[in-house]
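There are 2 protein chains.
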Amino acid sequence: MIDITGTYTDQYQLAMAQAYFLSGRGRESARFDYFFRKLPFGGGYAVFAGLEDLLTVLERLRFDEADLGFLREQGMDPAFVESLRGFAFRGRVLAVREGDLVFPTCPVVTVEASLIEAQIVETLLLNILNFQTLVATKASRMRLAAGNEATLVDFGLRRAPGLGGYAASRAAIVGGFDATSNVRAGRDYGIPVSGTMAHSFIQAHDQELAAFRAFAAAHPTNCVLLVDTYDTLHSGVPNAIRVGQEMRQRGQRLRGIRLDSGDLAYLSKQARNMLDAAGLTETKIAASNQLDEYVIRSLREQGAPIDLFGVGTSLATGQPDGALDGVYKLAEVEGRPCLKLSESTDKITVPCAKQVFRVLDETGGFWGADAIAMADETDVERMHHPSDPHQSLVLVGRPQEPLLHPVMAQGRRRHEPASLTEIKRYSQERLARLPAEYKRFEYPHLYKVGLSTRLDQERNRLIAAHRSEPSS
Amino acid sequence: MIDITGTYTDQYQLAMAQAYFLSGRGRESARFDYFFRKLPFGGGYAVFAGLEDLLTVLERLRFDEADLGFLREQGMDPAFVESLRGFAFRGRVLAVREGDLVFPTCPVVTVEASLIEAQIVETLLLNILNFQTLVATKASRMRLAAGNEATLVDFGLRRAPGLGGYAASRAAIVGGFDATSNVRAGRDYGIPVSGTMAHSFIQAHDQELAAFRAFAAAHPTNCVLLVDTYDTLHSGVPNAIRVGQEMRQRGQRLRGIRLDSGDLAYLSKQARNMLDAAGLTETKIAASNQLDEYVIRSLREQGAPIDLFGVGTSLATGQPDGALDGVYKLAEVEGRPCLKLSESTDKITVPCAKQVFRVLDETGGFWGADAIAMADETDVERMHHPSDPHQSLVLVGRPQEPLLHPVMAQGRRRHEPASLTEIKRYSQERLARLPAEYKRFEYPHLYKVGLSTRLDQERNRLIAAHRSEPSS
Chain C
166 MIDITGTYTD
176 QYQLAMAQAY
186 FLSGRGRESA
196 RFDYFFRKLP
206 FGGGYAVFAG
216 LEDLLTVLER
226 LRFDEADLGF
236 LREQGMDPAF
246 VESLRGFAFR
256 GRVLAVREGD
266 LVFPTCPVVT
276 VEASLIEAQI
286 VETLLLNILN
296 FQTLVATKAS
306 RMRLAAGNEA
316 TLVDFGLRRA
326 PGLGGYAASR
336 AAIVGGFDAT
346 SNVRAGRDYG
356 IPVSGTMAHS
366 FIQAHDQELA
376 AFRAFAAAHP
386 TNCVLLVDTY
396 DTLHSGVPNA
406 IRVGQEMRQR
416 GQRLRGIRLD
426 SGDLAYLSKQ
436 ARNMLDAAGL
446 TETKIAASNQ
456 LDEYVIRSLR
466 EQGAPIDLFG
476 VGTSLATGQP
486 DGALDGVYKL
496 AEVEGRPCLK
506 LSESTDKITV
516 PCAKQVFRVL
526 DETGGFWGAD
536 AIAMADETDV
546 ERMHHPSDPH
556 QSLVLVGRPQ
566 EPLLHPVMAQ
576 GRRRHEPASL
586 TEIKRYSQER
596 LARLPAEYKR
606 FEYPHLYKVG
616 LSTRLDQERN
626 RLIAAHRSEP
636 SS
Chain F
166 MIDITGTYTD
176 QYQLAMAQAY
186 FLSGRGRESA
196 RFDYFFRKLP
206 FGGGYAVFAG
216 LEDLLTVLER
226 LRFDEADLGF
236 LREQGMDPAF
246 VESLRGFAFR
256 GRVLAVREGD
266 LVFPTCPVVT
276 VEASLIEAQI
286 VETLLLNILN
296 FQTLVATKAS
306 RMRLAAGNEA
316 TLVDFGLRRA
326 PGLGGYAASR
336 AAIVGGFDAT
346 SNVRAGRDYG
356 IPVSGTMAHS
366 FIQAHDQELA
376 AFRAFAAAHP
386 TNCVLLVDTY
396 DTLHSGVPNA
406 IRVGQEMRQR
416 GQRLRGIRLD
426 SGDLAYLSKQ
436 ARNMLDAAGL
446 TETKIAASNQ
456 LDEYVIRSLR
466 EQGAPIDLFG
476 VGTSLATGQP
486 DGALDGVYKL
496 AEVEGRPCLK
506 LSESTDKITV
516 PCAKQVFRVL
526 DETGGFWGAD
536 AIAMADETDV
546 ERMHHPSDPH
556 QSLVLVGRPQ
566 EPLLHPVMAQ
576 GRRRHEPASL
586 TEIKRYSQER
596 LARLPAEYKR
606 FEYPHLYKVG
616 LSTRLDQERN
626 RLIAAHRSEP
636 SS
């Protein structure tokens, strides 16, 4: 599916690369950090997703003949275009483990590469990580709302943003979903696929009962019947029960029914009672229709006996945010620290090669702070607020773990790709270590992020130096 | 880029297809309509987009070996899976012309194919059309806000929903954009590409002036300088003017400057004055940073002298809606009309083979109504509200044009694909025919949609018949 070539980038990356090439600076080394500024959905954390896809793309990235021909036609410098024939990403990448929880300002991925390579890959990196992190975070919130017992299935492909639905199905799993309706994503990513029937199948038969029987005959081990086409409680559920009893006589089992409209709390309770009274206690109830974390929470609070939630639009589009504001900022060129000034201090970038330390409590849980340090620091004794010089926090003696690990060297992965199952498990494990106050939907506790004393001083020195130049 | 195979679908389509196959009904003919229920963005119209991409995918759609192997592994019926080896879409497609304005309830695309083919292509059809129509509509609103003189450029790839950014760049053009930063979309769709420079390029040089000079040297004919890295009016614009004057001495011309932060209205006016005073009257001003149709309208109302707007997130994600609610509903099986009931009358589907007539005024402008009729009707004398039996509208004597045209027969396109430029031009032409009241952002005039008398009667007959059955 993913056929990303060198031109999967913004034109200005190539314009800058051409300028570096022509001025002989293309091979200078650069360091860029990927981070975001605002947690999505008004929540207290984000789930980092997309890393393995990014590494796969970086390993394979080339300009093909169509790319080169197009760039020549665009009037780009012929020698520069020719140089792209040998392009490959040969850089080093450090990253937080995929599935981990991440917070604003902290570098999540660091790219060390030539100026040209680092610039050309910026757009695809942002494109992949911003969207998958957004969707994984949304999925994680739904998992929190649904509890660990319920099955969560991605139904989003039809309302997904075009081919973006493919990555959304993957990111949903990272965030805690169990399965997808998207068969192609299932095929390529090894995600369990799940699907029932549509209203059209019922309509295409003269009678609902005949439709149910035909479906049961074709799917004796995996029959889930959609019961709301005509009248859920007076037609759909009774017909499903009849088919369920016929299946039982054949030694089969009706796997489930699906509710797709109406008051899901009321209907699920009534349907559960009817199924149980008919002895179909093992038949599950699935629900879909404009679900999100708030609707799922409400259904659970009402005690709705729903075993499976199918979620579409709000998951696959990351609504209501629609985008994560992740950016990719220059931190060093040829070992010299770089800064981007801004009138608002909290938008000034953080220079230098860095490490991020997560502060732990005595039991290994997350204490509620990430400290950004110089790459050669081994722990942080005091961290400083990134924009308010009056705020700092003593961390002496608190256990800390580094979050940035080398994942790619000279353009090659350093480890076998992690499986999606492993990433999901890791993410759940990390989420379990975050105290509940950070996970609530309303006014979550603020996770603190700061700079080590050395990094803070170096940044302040650079800010002062820049501001003292008359016209830098 | 687009490598959509047969498994690019929801699992339940394959589950239903298997049931049709096993019951011997797979070759029965079906008719499905694609339509949506709610106009996006609280607007008065939508711009239909994605049709040419859909037809391309339908022509090529196959199950490859990986697909077939996966479906076997999933435990699907071996004979059914084997039958998919010969799968191709061999149906007929009628559609509104891409770029036309479309309204709720009216069929925009009709698919006539075997039950199995029609069901399998549902998901990809919705996936392609829902997203592109959403983005094209958003783009069209920005074009209305910006006026016809301004240049509109899609900068969305970095915040776009993964690979969905590719289609977003295309849909932006349909809706009235001029260019994209997305090089790959430019290459594949023939879209003009456009790009300037990033802050990182300035930071990678010791001085802003040196960065500007290096960029001008590499891009003598297409140099646009980003002026807000340090201080827009005290550093960026003066340095850009200096380089512009140096370029002029070399017989070159500074094409533009770009503002990416701060008060764009104020800064653009100051920058324009400074450029003009220095004789750089031909140098354009580009602006970017969280733009949408409302910000663009405000900038224009303030008289901001901005020549080019670069729009990212809100365009590529179709914010704030994030999705169009388009659906694909069964209208006929083997020539028998089909209905889906619902407790709310306005969600009951419209059965039968249909045509849509757009009512025109005397000058060829849009009068404000689309009438849905039986396929064999040639015009509509009176149209009836789809859910309120007390409302109807006399259309006798008003000019009407049919909107649904055959675009595919036996799985092959009936015409050469329309170019994106043609589609854009057509869309602009259609938009010009819609009265202004339907185009305003606040409380737009309601475009009326209704059913012809024959279709209304047939639908009411079917509703009554369904409701009289005890347990259908």
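Quick mapping for you: the protein sequence lines, in order, are chains C and F.
Each residue of the first sequence is one higher than the last, beginning at 166 in this note's numbering.
Each residue of the second sequence is one higher than the last, beginning at 166 in this note's numbering.
Ideal Cβ positions, reconstructed from N, Cα and C, are used throughout, including at glycine.
Note that the structure is predicted; figures quoted are calculated from it, not measured.
Query raised in the report: Taking the beta strand (DSSP E) that Q520/F falls in, what are its first and last residues?
Result: K519 to L525
Query raised in the report: Going by Cα to Cα distance, which pick from L390/C, M307/C and R437/C is closest to F474/C?
Result: M307/C
Query raised in the report: Is R257/F close to chain C, meaning its C-beta is less than 8 Å from at least one C-beta of that chain?
Result: no
Report task. Please check if any C-beta of chain C sits within less than 8 Å of the C-beta of I628/F. Result -> no
Query raised in the report: Leaving out the 5 sequence neighbours to the left and right, which residues in its chain are closer than 6 Å to S490/F when beta-carbon positions are compared?
Result: The sequence as given places Asp at residue 490/F; Ser does not occur at that position. The residues are F201, R202 and K203.
Query raised in the report: Using 8 Å as the Cβ pair cut-off and three pairs as the minimum, do the segment 296–312 of chain C and the segment 474–489 of chain C touch?
Result: yes
Requested in this report: Kindly say whether A383/F, judged by its beta-carbon, lies nearer than 8 Å to any beta-carbon of chain D.
Outcome: The structure shown contains no chain D; its protein chains are C and F.
Requested in this report: Tell me, please, whether the CB atom of M181/F is closer than 8 Å to any CB atom in chain C?
Outcome: yes
Report task. Can you say whether S637/F is buried or exposed, counting buried as having 16 or more other CB atoms within 10 angstroms of its CB? Result -> For S637/F, the predicted structure reports a pLDDT of 42, less than 50, and the residue's modelled location is therefore unreliable. A value from the coordinates is still provided. Answer is buried; the Cβ neighbour count reaches 16.
Query raised in the report: Taking the DSSP output, what are the residues bridged to F197/C?
Result: V276/C and L495/C
Requested in this report: Evaluate the contact criterion for the segment 549–558 of chain C versus the segment 588–604 of chain C: three or more CB pairs, one atom per stretch, below 8 Å.
Outcome: no
Query raised in the report: So, using beta-carbon positions, are I513/F and K519/F closer together than 8 Å?
Result: no
Query raised in the report: What whole-angstrom Cβ distance do E499/F and E238/F have, given they're in contact under 8 Å?
Result: Rounded, the Cβ-Cβ distance is 34 Å, inconsistent with contact.
Query raised in the report: Using a beta-carbon distance below 8 Å, is L495/F in contact with chain C?
Result: yes
Query raised in the report: Are the CB atoms of V212/F and S279/F nearer to each other than 8 Å?
Result: no
Query raised in the report: Going by other Cβ atoms of all chains shown within 10 Å of its Cβ, with 16 needed for buried, is A184/F buried or exposed?
Result: buried
Query raised in the report: Quick one: what's A243/F bridged to in DSSP?
Result: Correcting the residue type first, residue 243/F is Pro in the shown sequence and not Ala. In DSSP, P243/F forms no bridge with anything.
Query raised in the report: Fully enclosed by the segment 560–617 of chain C, which alpha helix (DSSP H) runs are 4 residues long or longer?
Result: 585–597
Requested in this report: For L620/F, name the three-state secondary structure that DSSP assigns.
Outcome: helix
**Report entry** Cut-off 8 Å between Cβ atoms - residues of its own chain near H610/C, not counting five sequence neighbours on either side
**Finding:** G209, G533, P600, E602 and Y603
Query raised in the report: How is P205/C classed by DSSP in three states: helix, strand or coil?
Result: helix
Query - Under 8 Å from the C-beta of I293/C: neighbouring residues of chain F - result: G327
Query raised in the report: Alpha carbon to alpha carbon, what distance is there between K303/C and D457/C?
Result: 9 Å
Query raised in the report: With 8 Å set as the bound, which would you pick, yes or no: does the beta-carbon of A195/F sit closer than that to a beta-carbon of chain C?
Result: yes
Requested in this report: Could you work out which residues of chain F lie near C503/C, taking near to mean beta carbons separated by less than 9 Å?
Outcome: S365, Q368 and A369
**Report entry** Near-chain C residues of the segment 469–493 of chain F (beta-carbon distance less than 9 Å), N- to C-terminal order
**Finding:** G477, T478, S479, A481, T482, G483, Q484, P485, D486, G487, A488, L489, D490, G491, V492 and Y493
Requested in this report: Return no unless some Cβ of chain C is closer than 8 Å to the Cβ of G341/F.
Outcome: no
Query raised in the report: Hey, does T698/C have any beta-carbon neighbour from chain F nearer than 8 Å?
Result: Here chain C has residues from 166 to 637 only, and residue 698/C is not among them.
Report task. Using only alpha-carbon positions, find the residue among V222/C, Q484/C, L259/C and A451/C that is nearest to R579/C. Result -> L259/C
Query raised in the report: Within the chosen definition, does the segment 240–254 of chain C reach the segment 362–375 of chain C through at least 3 CB pairs nearer than 8 Å?
Result: no
**Report entry** Burial state of P385/F (16 or more Cβ within 10 Å)
**Finding:** exposed
Query raised in the report: Is the CB-CB distance between A231/C and R323/F below 8 Å?
Result: no
Report task. Check whether the Cβ atoms of C503/C and M539/C sit closer than 8 Å, and answer yes or no. Result -> no
Requested in this report: Pick helix, strand or coil for R547/C, following the three-state DSSP scheme.
Outcome: strand
Report task. Assign L560/C to buried or exposed, taking buried as 16 or more other Cβ atoms, counted over all protein chains shown, within 10 Å of its Cβ. Result -> buried
Query raised in the report: On the three-state DSSP scale, how would you describe T345/F?
Result: strand
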